[in-house]
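Q: Following this message is one structure expressed as structure tokens.
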């Protein structure tokens, strides 16, 4: 199960690993998440063989099973196991379902959060106040353990997707995830409990002690976007002013958050100031507000 709630595993049919069979027959490519799997070397070998033969990965299945490419060139026959699987496949009829959209009544369920990071696109990251004490305790214990047994500098080899610990500009260690490795001197990391990003040298990274992994405490930074508002798009200076005002108003402060609707990449929310309960998005543009542009009546909200 990944962090998004998706189940990831291997499907075997009649003793055949379907992922391996698809790669061997040039119907799929190897995803980087397979790096830690026992099938990784087999998958890489099969992928390299298909790449050298210059077979097209996305060739339509009916052409592939016939063994002839549309250019007339004879293609290598598929494995008998894959042919047998495909031959026995029966597609179930799909019943037509008519979806009737009903406008739902808005539910206000504000909860206290701590705003830790705001991006130039006005997405922002928060921590739940409720679990703040757990994070504080974990960080204190983790840093004490690291101080007692410091990691050997340069001993860690970062890989994309790995969880690790990173030494921030303040000299303290924080939990992070590797997003990209350009070189040993340029590793892109995302601080999973705060939402900020940084490019660091691999010498500032180390393996995360198991006792402080996301299994012990899930990543605390959650991404959100503002709901019901329009952000200036045509004038760069105006947009920058809005971002600056919002940063001054709510960055590193406790606010109240309510999820209004789902977006393509993250939930869209309304934010209230913790002391006055005023909505952050209702102020005039240029003074911390984001302008008006509420959700059109009878239409679905625009997703990011």
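Residue numbers (the UniProt record's numbering): 1 to 304.
Note that beta-carbon positions come from the ideal geometry of N, C-alpha and C, so glycine has one too.
A quick note: this is a predicted structure, and the numbers were derived from the prediction, not measured.
Can you give me the C-alpha to C-alpha distance between residue 106 and residue 269, rounded to a whole angstrom?
A: 12 Å
Q: My output table needs one value for residue 18: the three-state DSSP class, helix, strand or coil.
A: In the displayed model, residue 18 falls within a helix according to three-state DSSP.
Q: Between 233, 193, 247, which has its C-alpha nearest residue 136's C-alpha?
A: Nearest Cα to residue 136 within the set 233, 193, 247: 193.
Q: Rounded to whole angstroms, what is the Cα-Cα separation between residue 200 and residue 236?
A: 29 Å
Q: If you run the structure through DSSP and keep just helix, strand and coil, what is residue 118?
A: strand
Q: For the alpha helix (DSSP H) holding residue 145, just list the boundary residues, first then last.
A: 132-148
Q: Quick one: any contact between the stretch 162-173 and the stretch 201-211, if contact means 3 or more CB pairs under 8 Å?
A: In short, these stretches touch, since the Cβ pair count reaches three.
Q: First and last residue of the alpha helix (DSSP H) that includes residue 243?
A: Residue 243: member of the alpha helix (DSSP H) spanning 236-250, first to last residue.
Q: What does the alpha-carbon distance come out to for the pair residue 176 and residue 138?
A: 14 Å
Q: Note down the Cα distance separating residue 204 from residue 183, rounded to an integer number of angstroms.
A: 13 Å
Q: Flag this pair as yes or no: are the beta carbons of residue 274 and residue 255 separated by less than 7 Å?
A: yes
Q: According to DSSP, is residue 26 part of a helix, a strand, or is it coil?
A: coil
Q: Does the beta-carbon of residue 19 have 16 or more other beta-carbons within 10 angstroms, so that it is buried, or is it exposed?
A: buried
Q: For residue 217, does the three-state DSSP call read helix, strand or coil?
A: Residue 217: coil per DSSP, three-state reduction.
Q: By the three-class DSSP mapping on this structure, what secondary structure does residue 209 have?
A: coil
Q: Are the beta-carbon atoms belonging to residue 173 and residue 215 less than 7 Å from one another?
A: Residue 173 is not a Cβ neighbour of residue 215, given a cutoff of 7 Å.
Q: Between the alpha carbons of residue 108 and residue 271, how many angstroms are there, rounded?
A: 11 Å
Q: Quick check: what's the CA-CA separation for residue 55 versus residue 48?
A: 11 Å
Q: What span of residues does the beta strand (DSSP E) with residue 128 cover, start to end?
A: 123-128
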